[in-house]
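First residue of the sequence shown? That's 1013 in the numbering used here, and the numbers climb one at a time after it.
Ideal Cβ positions, reconstructed from N, Cα and C, are used throughout, including at glycine.
No experiment lies behind these values; they were computed from the predicted model shown.
What follows is one structure encoded as structure tokens, with my remarks underneath.
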Amino acid sequence: MKVLVAVKRVVDYNVKVRVKADNSGVDLANVKMSMNPF
């Protein structure tokens, strides 16, 4: 039997997300990542 499991890394839900200074996206430097629980 073969099983495929999709896993996605997302920003941890306890972390406050910061926007980059130029508003081009989310600042991911020094942010804790976790697996998506859904």
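In the three-state scheme derived from DSSP, where H, G and I count as helix and E and B as strand, S1046 is classed as strand. Shown here, V1023 sits in a strand according to DSSP, grouped into three states. If you draw a straight line from the Cα of S1036 to the Cα of V1017, it is about 31 Å long. Here V1022 has M1045, S1046, M1047, N1048 as same chain residues with Cβ atoms under 8 Å from its own Cβ, once five neighbours each way along the sequence are excluded. With respect to the C-alpha of K1028, the residue from D1039, K1020, F1050 having the closest C-alpha is D1039.
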